[in-house]
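Trainee:
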Amino acid sequence: MATLNLNAINKSFGSAKVLHDISLAIEDKEFVVFVGPSGCGKSTLLRIIAGLEESTSGSIHIGDEDVSDAAPVDRGISMVFQSYALYPHLSVYENIAFPLRVQKMPKDELEERVQRAAGILQLTEKLDLKPGQLSGGQRQRVAIGRSIVRNPKVFLFDEPLSNLDAALRGDMRVELSQLHRQLDATMVYVTHDQVEAMTMADRIVVLNGGKVEQFGTPMELYHHPATKFVAGFIGQPNMNFVPATVLETTGALTVELDGGHKMSLPVDTSGVRKGDTVEVGIRPEHVTLGDDGLDVTVNVLERLGGISITYGTIGNGTRFCASLSGDAPIHQGKNMRLTVAPEDCHVFQSNGNVLRRKSAPALVA
Amino acid sequence: MMDRYTKLQLVGIYAALAVFLTFILLPFFEMFMASLRPLEHLFRSPYQFWSDDFSLQAYKDMWVTVPLLGRYIFNSIFIATSVTVITMVFVVPAAYAYARLEFPFKNISLGIFLGVNMFTGAVLLIPLYRVLRTMGLLNTYWAMIVPGVAFLIPTGIWLLRSYLEKIPRELEEAAFVDGASRMYTLRRVVLPLAVPGLIVVSVAVFIGAYAQQFLFAITFNQTRELQPLPAGLFEFIGYQSVTWNEMMAAALVGVLPVMLIFLFLQKYLVAGLTAGAVKE
Chain A
0 MATLNLNAIN KSFGSAKVLH DISLAIEDKE FVVFVGPSGC GKSTLLRIIA GLEESTSGSI
60 HIGDEDVSDA APVDRGISMV FQSYALYPHL SVYENIAFPL RVQKMPKDEL EERVQRAAGI
120 LQLTEKLDLK PGQLSGGQRQ RVAIGRSIVR NPKVFLFDEP LSNLDAALRG DMRVELSQLH
180 RQLDATMVYV THDQVEAMTM ADRIVVLNGG KVEQFGTPME LYHHPATKFV AGFIGQPNMN
240 FVPATVLETT GALTVELDGG HKMSLPVDTS GVRKGDTVEV GIRPEHVTLG DDGLDVTVNV
300 LERLGGISIT YGTIGNGTRF CASLSGDAPI HQGKNMRLTV APEDCHVFQS NGNVLRRKSA
360 PALVA
Chain B
0 MMDRYTKLQL VGIYAALAVF LTFILLPFFE MFMASLRPLE HLFRSPYQFW SDDFSLQAYK
60 DMWVTVPLLG RYIFNSIFIA TSVTVITMVF VVPAAYAYAR LEFPFKNISL GIFLGVNMFT
120 GAVLLIPLYR VLRTMGLLNT YWAMIVPGVA FLIPTGIWLL RSYLEKIPRE LEEAAFVDGA
180 SRMYTLRRVV LPLAVPGLIV VSVAVFIGAY AQQFLFAITF NQTRELQPLP AGLFEFIGYQ
240 SVTWNEMMAA ALVGVLPVML IFLFLQKYLV AGLTAGAVKE
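Chains as they are written, first to last, in numbering that gives the first Met the number 0: chain A, 0 to 364; chain B, 0 to 279.
The structure is reproduced here in structure tokens:
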């Protein structure tokens, strides 16, 4: 059992507080991704879990054991670094064998473990090479190989794909997901790339300014973002936020959007009053071309073949992005009308908190 | 391109180089010329740059005039090598600690090391003499090795520290996560990667030790058999005459090993001294 529990982790560097009361319960064999903008504290949190950094307060449990003060190797974790951190003077074989050499493992067992790791990662042919002779993706695999030979309980990945080019990153993503299934281990993965988070994670932790904004499955985050920050961070292209004034709060929430369009939205209205200013969140992929609805001026049109993405404005210059069909009859510089189903809209209060949607799509497990 | 010069600038640069090199190399050249001439021809007037009396006789005679010459050359190299080895034993862990660990008075002590470098050995000769006498080290090899080590450790720390700082921290963190101790990491990861830096520092220390041994030798050592070459050269100064040509020959032969080391290791030296100056 390799559950990972963080209890009220705080971290300060001098007077700068970088992590605020972080508590998370990560299940056995779960693939959890920490995602957030740079400087949100996600790497620091990972380094605290690894034992490379000490938390100012709080405790960490792996399984039933309190490892808050344990050395990294005694925590049963292993880590893959952003720069791979391969030893340039050692062969691939010795790089993978390094953790076992530290343990002074007998030769036969060491050989067997290295060969098995190399087999899993398709590195058997490369064992005699030096890291400098490998491609970026292969180096990444060596770094992963070094982390799996020790059979740790928890794997930690610190932005492992950010040094790779886009195509390779896609391949490695798939490989990592497969590896997770193959190893059946708990994995914690840090990235700033929401696509990596959405595609690989069982659950995602969205961090912002050293606080957990939301911890949930990718689809939960997509359909039920708890805050405006999460809503804006998850989804590609980003969600549009249109300022609106509350007209009516009984039953549904009736609002007037910037530009004059009125909508009745099926959300929980407790806590909002007539006249309040809210923001309506509309995902670019939830709009369709229509005869009435939002009046959008198209400034830039990107035709990607399968879809067309438009960047434009509505009302008093509120920016609005829409994702439409590849052959949508629209033109740069012209206006278009977009309709959106009321149940697809999100509503955020001025403090960034969401008003719960009443008609939520069923969550895909 | 930053390094594109006009013709005029190039002429200026080469002219300056020529002046500089002449200034530096002319003494060596004159040493060589003097070593080739018979003693009685050295003080001819007017001075002759080229003559037909060149011979290698002085290179043979010097071993007879000063029978211990071979011993002196050996002593020089032995002392410089010992100083280098002992200095490195101290410098490697110290430089690593300064590069990676946090401890009280780190910057102050580094500053003090730099400050010590400002003193030449000459200022400290009398205190050093007393220390060595108290410890009973006068007139031994140690009299020349111990002060040499002491004066070269600061330079070594400063040079090696900047080199070690260039080795990515993540490599050590990775080793740490895998359970390696500091010493294991130093031995298996850091030092193998620091080999070019170690060579640079060793060469710098060796040259420093070679150059400074004269002062310590003439002050702290009276035993002829233990003298290094620079002190041994005095024996060419006799009661009646000074055999300049043989002295020059002996000096050149003595400098030769250092020159060879320089030639072989100069690419490391240049790379090492400028390493870490810019982010790569």
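Note that CB positions come from ideal geometry on N, CA and C, so glycine has one too.
1) Would you list, in sequence order, the uninterrupted alpha helix (DSSP H) runs of no fewer than 4 residues that lie entirely inside the stretch 118-181 of chain B?
2) Who are the neighbours of Arg149 of chain A on chain B, taking C-beta pairs under 9 Å?
3) Can you look up Phe48 of chain B in the DSSP assignment and give me helix, strand or coil?
4) Are the CB atoms of Asn94 of chain A and Tyr83 of chain A within a distance shorter than 7 Å?
5) Leu123 of chain B and Thr218 of chain B: beta carbons closer than 7 Å?
6) Contact between the stretch 37-44 of chain A and the stretch 199-216 of chain A is defined here as three or more beta-carbon pairs at a separation below 8 Å; is this criterion met?
7) Counting only beta-carbon atoms, is Tyr267 of chain B nearer than 7 Å to chain A?
8) To the nearest angstrom, report how far apart Val277 of chain B and Ala70 of chain A are at their CA atoms.
9) Just the chain A side, please: which residues come within less than 9 Å of Val88 of chain B by C-beta, in chain order?
10) Would DSSP call Glu52 of chain A helix, strand or coil?
11) Could you tell me which residues DSSP puts in a beta bridge with Pro242 of chain A?
12) Could you tell me the alpha carbon to alpha carbon distance between Phe97 of chain A and Val113 of chain A, rounded to whole angstroms?
13) How many Å lie between Arg115 of chain A and Pro151 of chain A at the Cα?
14) Could you name the residues of chain B that His88 of chain A contacts, counting a contact when the two beta carbons are closer than 7 Å?
15) Would you give the residue range spanned by the alpha helix (DSSP H) that Glu110 of chain A belongs to?
16) Measuring straight from C-alpha to C-alpha, what distance separates Gly275 of chain B and Val194 of chain A?
17) So, is the C-beta of Glu29 of chain B closer than 7 Å to a C-beta in chain A?
18) Nearest to Val32 of chain A by CA position, among A:Arg100, A:His191 and A:Thr2, is which residue?
19) Under a CB-based cut-off of 7 Å, is Ala234 of chain B close to chain A?
20) Checking the sheet assignment: what are the DSSP bridge partners for His23 of chain A?
21) Just to confirm my understanding: we take Gly136 of chain A, look at its own chain, exclude 5 residues before and 5 after, and list those with CB closer than 8 Å. What are they?
22) Where do the ends of the beta strand (DSSP E) carrying Arg302 of chain A lie?
23) Given a threshold of 16 other Cβ atoms within 10 Å of its Cβ, counted over all protein chains shown, does Arg74 of chain A qualify as buried or as exposed?
24) May I ask you to report which of helix, strand or coil DSSP gives Arg99 of chain B?
25) How should Glu279 of chain B be labelled, buried or exposed, when 16 other C-beta atoms within 10 angstroms of its C-beta is the threshold for buried?
26) Which two residues bound the contiguous alpha helix (DSSP H) that contains Arg180 of chain A?
27) For Tyr183 of chain B, return the contacting residues in chain A, with the cut-off set at a CB-CB distance below 8 Å.
28) Let's see if you can read the secondary structure: which residues bound the alpha helix (DSSP H) around His222 of chain A?
29) To the nearest whole angstrom, what separates the beta carbons of Val141 of chain A and Asp177 of chain B, a pair I think is in contact under 8 Å?
30) Enumerate in chain order the residues of its own chain whose CB-to-CB distance from Met78 of chain A is below 6 Å, with the five nearest sequence positions on each side excluded.
31) In terms of DSSP beta bridges, what is Ala15 of chain A paired with?
32) Using beta-carbon positions only, say whether Gln211 of chain B and Pro227 of chain B come within less than 7 Å of one another.
33) In this structure, what does DSSP give as the bridge partners for Lys129 of chain A?
34) Give me the Cβ distance between Tyr248 of chain B and Met61 of chain B, rounded to the nearest whole Å; I'm assuming they're in contact under 8 Å.
35) Nearest chain B C-beta to Ala69 of chain A closer than 7 Å, yes or no?
36) Candidates A:Val91, A:His222, A:Gln81 and A:Leu246: which alpha carbon is nearest Arg168 of chain B's?
Mentor: If we stick to the structure as given:
1) 124-133, 140-164 and 168-176
2) Your numbering for residue 149 of chain A matches position 150 in the first sequence. The contacting residues are Asp177 and Gly178.
3) By one-based count along the second sequence, residue 48 of chain B stands at place 49. Note: Phe48 of chain B maps to coil in three-state DSSP.
4) Here residue 83 of chain A refers to the residue found at position 84 when the first sequence is read from its first residue. Here residue 94 of chain A refers to the residue found at position 95 when the first sequence is read from its first residue. Against a cut-off of 7 Å, the Cβ pair of Asn94 of chain A and Tyr83 of chain A comes out as no contact.
5) Start at 1 with the first residue of the second sequence, and residue 123 of chain B comes out as number 124. Start at 1 with the first residue of the second sequence, and residue 218 of chain B comes out as number 219. The answer is no: Cβ separation not under 7 Å.
6) yes
7) In the second sequence, residue 267 of chain B corresponds to position 268, counting from 1. So, not an interface residue.
8) Residue 277 of chain B sits at position 278 when you count from the first residue of the second sequence. Residue 70 of chain A sits at position 71 when you count from the first residue of the first sequence. Note that Val277 of chain B scores a pLDDT of 42, beneath 50, so its modelled location is shaky; the value from the coordinates is reported in the next line. If I take the Cα positions, the gap works out to 35 Å.
9) Numbered from its first residue, the second sequence carries residue 88 of chain B at position 89. Simply none; closest approach about 22 Å.
10) To locate residue 52 of chain A, count along the first sequence from 1; it is residue 53. Correct three-state label for Glu52 of chain A: coil.
11) Counted from its first residue, the first sequence places residue 242 of chain A at position 243. For Pro242 of chain A, which the question treats as bridged, DSSP gives the partners A:Glu278.
12) Locating residue 97 of chain A in the first sequence gives position 98, counting from the first residue. Locating residue 113 of chain A in the first sequence gives position 114, counting from the first residue. About 10 Å.
13) For this step, residue 115 of chain A is matched to residue 116 along the first sequence. For this step, residue 151 of chain A is matched to residue 152 along the first sequence. Rounded to the nearest angstrom, the two C-alpha atoms are 15 Å apart.
14) By one-based count along the first sequence, residue 88 of chain A stands at place 89. Within chain B, the residues near His88 of chain A are Pro191 and Leu192.
15) Here residue 110 of chain A is taken as the residue at index 111 of the first sequence, counted from 1. Looking at the DSSP string, the run of the alpha helix (DSSP H) that includes Glu110 of chain A is Lys106 to Ile119.
16) Counted from its first residue, the second sequence places residue 275 of chain B at position 276. Counted from its first residue, the first sequence places residue 194 of chain A at position 195. Interpretation of Gly275 of chain B is limited by its pLDDT of 43, a score under 50 that renders its predicted location unreliable; the figure taken from the coordinates is listed afterwards. So the alpha carbons of these two residues sit roughly 37 Å apart.
17) Here the question's residue 29 of chain B lines up with position 30 in the second sequence. No, Glu29 of chain B lies away from the interface with chain A (no Cβ there is under 7 Å from its Cβ).
18) Counting from one through the first sequence, the residue named residue 32 of chain A turns up at place 33. Nearest of A:Arg100, A:His191 and A:Thr2 to Val32 of chain A, Cα basis: A:His191.
19) As a first step, residue 234 of chain B is located in the second sequence; it is residue number 235 there, counting from the start. According to the sequence as given, residue 234 of chain B is Glu; it is not Ala. Closer than 7 Å: no.
20) Numbered from 1 along the first sequence, position 24 holds the residue referred to as residue 23 of chain A. Before going on, a small fix: residue 23 of chain A reads as Leu here, not His. Beta-bridge pairing links Leu23 of chain A to A:Leu5.
21) Here residue 136 of chain A refers to the residue found at position 137 when the first sequence is read from its first residue. Contacts found: Leu163, Leu167, Asp170 and Met171.
22) Locating residue 302 of chain A in the first sequence gives position 303, where the first residue counts as 1. Residues Val286 to Arg302.
23) Residue mapping note: residue 74 of chain A aligns to position 75 of the first sequence, counting from 1. Per the 10 Å Cβ criterion, buried.
24) Residue mapping note: residue 99 of chain B aligns to position 100 of the second sequence, counting from 1. Helix.
25) Indexing the second sequence from 1 puts residue 279 of chain B at position 280. Because Glu279 of chain B sits at a pLDDT of 35, beneath the cut-off of 50, its placement in the model cannot be relied upon, and the point is left open.
26) For the purposes of this step, residue 180 of chain A is identified with residue 181 of the first sequence, where counting begins at 1. Residues Ala165 to Leu182.
27) Taking the second sequence and counting its residues from 1, one reaches residue 183 of chain B at position 184. Per Cβ cutoff of 8 Å: Val101.
28) By one-based count along the first sequence, residue 222 of chain A stands at place 223. That run of the alpha helix (DSSP H) goes Pro217 to His222.
29) The residue given as residue 141 of chain A occupies position 142 in the first sequence. The residue given as residue 177 of chain B occupies position 178 in the second sequence. Contact flag wrong, Cβ pair sits at about 14 Å.
30) If you number the first sequence from 1, residue 78 of chain A lands on position 79. Closer than 6 Å at Cβ, skipping near neighbours: Ala49 and Leu155.
31) Reading the first sequence from its first residue, position 16 is the one you call residue 15 of chain A. DSSP lists A:Phe12 as partners of Ala15 of chain A.
32) The count along the second sequence starts at 1 and reaches residue 211 of chain B at position 212. The count along the second sequence starts at 1 and reaches residue 227 of chain B at position 228. Not a contact, by the Cβ cut-off of 7 Å.
33) As a first step, residue 129 of chain A is located in the first sequence; it is residue number 130 there, counting from the start. Per DSSP, none; premise fails for Lys129 of chain A.
34) Taking the second sequence and counting its residues from 1, one reaches residue 248 of chain B at position 249. Taking the second sequence and counting its residues from 1, one reaches residue 61 of chain B at position 62. In the sequence as displayed, the identity of residue 248 of chain B is Ala instead of Tyr. About 5 Å; that satisfies the 8 Å criterion.
35) Taking the first sequence and counting its residues from 1, the one referred to as residue 69 of chain A is at position 70. Chain B contact via Cβ: absent.
36) Numbered from its first residue, the second sequence carries residue 168 of chain B at position 169. Of A:Val91, A:His222, A:Gln81 and A:Leu246, the residue nearest in Cα terms is A:Gln81.
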